[in-house]
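Report on the following structure.
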């Protein structure tokens, strides 16, 4: 084998090793995606989940579906920290979204994620709709997403706000 062939193989090997290290670093990262909002609350998991559902209704959004690995695990006798994904949207927004971009339809419903912390508190996490829809590069969709940002911020604020004891 020539020196040039060995040099090329060495460079390819180093390139592949570098790509593997980058992929491994990304896979191990717990950093959320850009535009992710996490609101800490003092509420226990079930209380925050209920408050989020009430805030969704208050702000006239539709709870389209929900999924919970912890509830599923509990049915099998397995205890894991509480988690609940609430999928939220509303038909008038859906129609406007699809008028702006049929491809963006895969993003609906948008999600709110309630998680239980080891200290008995819980968090509400969501991606800003503007971050979800930004990759589509559509001005009408961006305007819709900004409206949804305000709704999601209001839902999050209402759900995590400390109780005054008079609700």
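Numbering (the numbering used here), first residue to last: 141 to 307. For each residue, glycine too, the CB sits at the ideal point set by N, CA and C. For clarity, every value in this text was computed on a predicted model and none was experimentally measured.
So if DSSP puts residue i in a beta bridge, which residue, or which two residues, is it bridged to?
i	result
residue 267	176
residue 253	225 and 265
residue 181	262
Tell me which residue opens and which closes the beta strand (DSSP E) that residue i is part of.
i	result
residue 206	202-207
Give the straight-line distance between the Cα atoms of residue i and residue j, rounded to the nearest whole angstrom.
i	j	result
residue 261	residue 184	5 angstroms
residue 194	residue 218	28 angstroms
residue 216	residue 291	36 angstroms
residue 253	residue 201	16 angstroms
residue 241	residue 231	15 angstroms
residue 174	residue 228	20 angstroms
residue 288	residue 269	6 angstroms
Along the chain, where does the alpha helix (DSSP H) containing residue i start, and where does it finish?
i	result
residue 300	279-300
residue 242	From DSSP, residue 242 is part of no alpha helix (DSSP H); its letter is neither H nor E.
(message) Under 8 angstroms: do the region 270-282 and the region 196-210 share three or more Cβ pairs, one atom per stretch?
(response) No contact exists between the region 270-282 and the region 196-210.
(message) Within 8 angstroms, do at least three Cβ pairs link the region 172-189 to the region 247-266?
(response) The answer is yes - the region 172-189 touches the region 247-266, with three or more Cβ pairs under 8 angstroms.
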